[in-house]
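Q: Pasting a structure below so you can have a look.
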Amino acid sequence: MVGLKPSEMPPTTAVKFLGAGMAACFADLLTFPLDTAKVRLQIQGENQASQAARSIQYRGVLGTILTMVRTEGLRSPYSGLVAGLQRQMSFASIRIGLYDSVKQLYTPKGSEHSSFITRILAGCTTGAMAVTCAQPTDVVKVRFQANKHFGPDGSKKYSGTMDAYRTIAREEGLRGLWKGTFPNITRNAIVNCAEMVTYDIIKEKLLDYHLLTDNFPCHFVSAFGAGFCATVVASPVDVVKTRYMNSLPGQYRSPLDCMLKMVAREGASAFYKGFTPSFLRLGIWNVVMFVTYEQLKRALMNVQMLRESPF
């Protein structure tokens with residue numbers, strides 16, 4: 001057995017909500033450079049004239065990170081981290097922390113296990129709810145990661161994360177903070193279904209067939225499978241989301257226009273730009289997040305039980 005043993009009491013919704021946010025923040029701290037590299041690779045080729053003028057080409061995950069460090073400094077792979085952590089505390093807490101509660105809400109009374117359709121509905125519901133609440137943090141995170149916080153003359157456009165929220169709202173209106181909400185809801189509904197449903201089913205089957213016990217090896221295998229499935233199905237929507245959120249006002253009429261122009265200029269392979277860092281990031285992120293999440297739930301429940309114990 002590895003890690004804390006399962007608590008005698010099932011985790012409460014509050015414990016899941018807090019644990020999911022904390023675990024996601026920890027996973028983001030470890031994988032954020034991969035996410036930044038993914039964003040840079042996804043927007044590469046979007047504006048060929050600008051790209052040629054800068055003469056910066058990103059090649060591969062490691063090459064992208066090394067190029068960023070060489071041209072922008074050691075801190076560049078973590079540009080947008082503050083907004084990223086703000087995003088996880090609101091986003092992951094809802095989409096992961098509330099998944100089980102919503103799944104039970106959709107499950108008919110008396111059923112031992114939730115159906116596949118029920119799990120998908122729960123994943124779509126919590127994913128959409130999370131995006132609606134956390135979209136401004138995602139917009140700011142992408143702007144920083146794409147280096148959009150620098151103006152044409154090289155000066156900083158935003159003095160910090162909070163200034164970025166204010167500046168975007170002032171220059172682009174409140175709609176600017178929710179830019180790309182529809183593709184982001186689509187993307188995260190897909191990701192959440194792929195992650196949560198895959199993790200849920202793999203873990204359930206491993207336990208039902210007594211292949212593994214409810215601890216680290218089981219959580220690791222389930223999380224890795226969830227990360228791979230999420231990357232495969234979500235990459236096309238993720239690229240469109242990143243391009244649209246990072247675009248200049250008026251550059252694209254809609255996410256659909258962004259998608260059509262991208263295909264016309266770069267071909268269908270553009271949908272899988274940045275796939276390797278996406279998989280590395282989502283695979284590692286899922287393993288770290290789910291393993292940490294399972295342990296945090298148990299630790300928080302143990303603390304709660306100790307506080308409620310009369311002895």
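Anchor point for the sequence shown: position 283 equals 283 in UniProt numbering, and the numbering is continuous, going up by one each time. Cβ atoms here follow ideal geometry from the backbone N, Cα and C, with glycine treated the same way. None of the values given here were measured: they were computed from a predicted structure.
Is the region 24-43 touching the region 141-148, taking contact as three or more C-beta pairs under 8 Å?
A: The region 24-43 vs the region 141-148: in contact.
Q: Could you name the residues of the same chain whose beta carbon sits closer than 6 Å to that of His219, not counting the 5 residues immediately before and after it, in chain order?
A: Phe290, Val291 and Glu294
Q: Considering only residues of the same chain and omitting the five flanking positions on each side of Ala20, which have a CB-CB separation below 7 Å?
A: Ala92, Ser93, Ile96, Gly97 and Tyr293
Q: Please name the residue in Phe224, Phe275 and His210 whose C-alpha comes closest to that of Val197.
A: Here the closest residue by C-alpha is Phe224.
Q: What is the DSSP secondary structure of Lys156, counted as helix, strand or coil?
A: The three-state reading of DSSP puts Lys156 in strand, counting E and B together.
Q: Where does His210 sit, in a helix, a strand or coil, going by DSSP?
A: coil
Q: Answer yes or no: does any C-beta atom of chain C fall closer than 9 Å to that of Pro136?
A: The chain inventory of the structure shown lacks chain C, comprising one protein chain alone.
Q: Can you give me the start and stop residues for the alpha helix (DSSP H) that Gly176 sits inside?
A: For Gly176, the enclosing alpha helix (DSSP H) starts and ends at Leu174 to Leu177.
Q: At which residues does the alpha helix (DSSP H) containing Val221 begin and terminate?
A: For Val221, the enclosing alpha helix (DSSP H) covers residues Phe216 to Asn246.
Q: Considering just the uninterrupted stretch of the alpha helix (DSSP H) at Val102, what are its terminal residues?
A: Tyr99 to Tyr106
Q: For Cys229, which residues from the same chain have a beta carbon less than 8 Å from its beta carbon, with the 5 sequence-adjacent residues on both sides left out?
A: Excluding residues up to 5 positions away in sequence, Ala194, Glu195 and Thr198 lie with their Cβ nearer than 8 Å to the Cβ of Cys229 in the same chain.
Q: Would you kindly report the start and end of the unbroken alpha helix (DSSP H) that includes Glu72?
A: Val61 to Glu72
Q: Which two residues bound the contiguous alpha helix (DSSP H) that contains Glu308?
A: Phe275 to Glu308
Q: Assuming Leu34 and Val61 are in contact, meaning their beta carbons sit under 8 Å apart, how far apart are those beta carbons, in whole angstroms?
A: 7 Å
Q: With distances taken Cα to Cα, identify the nearest neighbour of Cys124 among Ile185, Ala226, Thr167 and Ala268.
A: Ile185
Q: Just to confirm, are Arg187 and Val142 a CB contact at a threshold of 9 Å?
A: No, the pair does not count as a contact, with Cβ atoms beyond the cut-off.
Q: Is the number of C-beta pairs between the region 298-308 and the region 110-117 that are closer than 8 Å three or more?
A: no
Q: To the nearest angstrom, report how far apart Leu4 and Thr31 are at their CA atoms.
A: 24 Å
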